[in-house]
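Number of protein chains: 2
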Amino acid sequence: MEPIDTLIQHFRERITLTDHDARYVSECFHVVTLKKKEILLHTGEVSSHMRYIAEGCLRSYYMDEEAREHIIQFGIEGWWVNDLYSYLTRTPAKQFIQALEHSIVLQIHRDTLHQLYDRVPAIERFFRFKFEKAYVALQDRTLNTLSKTAEERYFEFRSKYRDIEQRVPQYMIASYLGMTPEFLSALRKKTTT
Amino acid sequence: MEPIDTLIQHFRERITLTDHDARYVSECFHVVTLKKKEILLHTGEVSSHMRYIAEGCLRSYYMDEEAREHIIQFGIEGWWVNDLYSYLTRTPAKQFIQALEHSIVLQIHRDTLHQLYDRVPAIERFFRFKFEKAYVALQDRTLNTLSKTAEERYFEFRSKYRDIEQRVPQYMIASYLGMTPEFLSALRKKTTT
DNA sequence: AGCGTTTCTTAAGATACCTTAAGATTTTTG
DNA sequence: CAAAAATCTTAAGGTATCTTAAGAAACGCT
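Top to bottom, those sequences are chains A and B.
Under the UniProt record's numbering, the letters of the first sequence match residues 1 to 193, in that order.
Under the UniProt record's numbering, the letters of the second sequence match residues 1 to 193, in that order.
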């Protein structure tokens, strides 16, 4: 299946699109191919696209003042990745987005998307849903970070994202969960034995 | 000014509404008056309304297995409060929403809002914006929790929400920031001296 | 297959943050 | 205005998590 067809299918699982609309929508997206480790969005750029992962695995992360990386999100095929903050506020990104595997991303420019909102209202509804879901997921994450121990966070991550756990290095999971790789390693040893 | 007028003004700062639409929108909202400490949403209920604070101050919080409260959000006039998770997924709320002062809230039922989306598209756009902003704010919060020390979080909170800092007890700020009240107290002493 | 790079583990010492408990202060209520 | 309730502080001892450093294992490229 062509990358763009996976996207249309993705839309159609959530909203109704006529074939005519689907064709129009397809034309609004561009394909970007990324090699492993290639960077899709750099800190300092303004993110002007919404991005759908048709294939592969990416991460978004930011670097703090001490040049430590903090992973904000992983994404695999069927997910969206972006520095939404930058995209929505049109300010320079504080995040990087990087391919962890060879990946294919479909992206649409903000201006094109806004036109699409006017022409195909179902798409605006889709993105409202999308932001709702994103919000809910983030809130879960925030509450987890605030109220759970490192150990609890790790085991919840494992049961929720087994597919991701098996595709990304352990030290990146540690970063995502807000702990050091050493600590995660110790945790695993403790509970595996 | 009537509570409902503050809401219409709030909408009009972000989207365009004809007078006709504004009148229609006004009729969709209901006024709820809350005494201090009164609870607007209980754990276990499904949240079916979007809620705008016309006046007062509220908090949403959840209780963990050990019956400890974790504050998720504060809200004052001009803000929206809700357990969005419950509202969006129609599952029982895990949060409480409680008035910290005498408050006036305007709320709209989900079904009414969905009708409104169809009748007044600008309102759908408004809520898309709203979810976007909510997402961005939450992401900031999540990253802060993961990458900053308690001290940094506190001083950022102070500079960002000076108005809220002065209206809510310190132990609730500690809860919001994910630290114990004792630790916050010690922090303040250390840096005030 | 072999070498460099990436990833994971181990361990010791440090520190940020928590728990408990009690008393001091401030605010609310009758 | 007094009593009760809510909030804030202090202090001692404990625990979770971090830092640093070094070596081991796995992986990826030529």
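Even for Gly, the Cβ is constructed at its ideal location relative to N, Cα and C.
Note that the structure is predicted; figures quoted are calculated from it, not measured.
For residue i, go through chain A and note every residue whose CB falls closer than 8 Å to its CB, in chain order.
i, result
"E132 (chain B)", "L84, L88 and F131"
"L143 (chain B)", "Y62, H70 and I72"
On the premise that residue j lies in contact with residue i, defined as a C-beta separation below 8 Å, what is that separation, rounded to the nearest angstrom?
i, j, result
"K130 (chain B)", "W80 (chain B)", "7 Å"
"V32 (chain A)", "Q107 (chain A)", "6 Å"
"L58 (chain A)", "I97 (chain A)", "6 Å"
"I15 (chain B)", "S26 (chain B)", "In fact, because the Cβ distance is near 15 Å, the residues do not count as touching under 8 Å."
"L40 (chain A)", "V105 (chain A)", "6 Å"
"A54 (chain B)", "P3 (chain B)", "4 Å"
"S175 (chain B)", "I71 (chain B)", "4 Å"
"R128 (chain B)", "R119 (chain A)", "So it is not a contact: roughly 16 Å between Cβ atoms."
"G178 (chain B)", "L146 (chain A)", "4 Å"
"M56 (chain B)", "S103 (chain B)", "Looking at the sequence shown, residue 56 (chain B) is not Met but Gly. Going by Cβ atoms, the distance from G56 (chain B) to S103 (chain B) rounds to 2 Å, so yes, they are a contact pair."
"H109 (chain B)", "H49 (chain B)", "6 Å"
"A186 (chain B)", "Y135 (chain A)", "Going by Cβ atoms, the distance from A186 (chain B) to Y135 (chain A) rounds to 34 Å, so no, they are not a contact pair."
"E101 (chain B)", "K190 (chain B)", "About 30 Å; that fails the 8 Å criterion."
"Q95 (chain B)", "Y62 (chain B)", "5 Å"
Output the boundary residues of the alpha helix (DSSP H) element that contains residue i.
i, result
"H114 (chain A)", "R110 to R119"
"I4 (chain A)", "P3 to R12"
"residue 235 (chain B)", "Because residue 235 (chain B) is not part of the residues shown, which for chain B are 1 to 193, the question remains open."
"I15 (chain B)", "No alpha helix (DSSP H) holds I15 (chain B); DSSP gives it neither H nor E."
"E165 (chain B)", "R162 to E165"
What residue does the beta strand (DSSP E) around residue i start on, and which one ends it?
i, result
"I71 (chain A)", "E69 to I76"
"S60 (chain B)", "C57 to M63"
"H30 (chain A)", "H30 to L34"
Quick one: grab the DSSP three-state call for residue i.
i, result
"M172 (chain A)", "helix"
"A99 (chain B)", "strand"
"T193 (chain B)", "Summary for T193 (chain B): the model assigns pLDDT 49, below 50, so the residue's position carries little reliability; its value from the coordinates is reported in the next sentence. Looking at T193 (chain B) - three-state DSSP - the assignment turns out to be coil, as it is neither helix nor strand."
"I53 (chain B)", "strand"
"I139 (chain A)", "According to the sequence displayed, residue 139 (chain A) carries Gln and not Ile. Correct three-state label for Q139 (chain A): helix."
"E182 (chain A)", "helix"
"F131 (chain B)", "helix"
Residues of chain B with CB closer than 8 Å to the CB of residue i, please, in chain order.
i, result
"Q139 (chain A)", "I72, L84, Y85 and L138"
"R128 (chain A)", "E124, F127, R128 and F131"
Using a Cβ cut-off of 9 Å, pull out every chain A residue sitting near residue i, in sequence order please.
i, result
"E151 (chain B)", "Residues of chain A passing the Cβ test: none, with the nearest at roughly 14 Å."
Output, in chain order, the set of chain A residues within a Cβ distance shorter than 7 Å of residue i.
i, result
"Y135 (chain B)", "L84, F131, A134, Y135 and L138"
Checklist entry - For the segment 40-73 of chain B, which residues have a beta carbon sitting closer than 8 Å to at least one beta carbon of chain A? => result Those would be Y62, D64, R68, H70 and I72, in chain order.
Checklist entry - Listed from N- to C-terminal order along the chain, which residues in the segment 146-178 of chain B have their beta-carbon within a distance smaller than 7 Å of any beta-carbon of chain A? => result Close to chain A, meaning a Cβ-Cβ distance shorter than 7 Å, are the following residues of the segment 146-178 of chain B: L146, S147 and G178.
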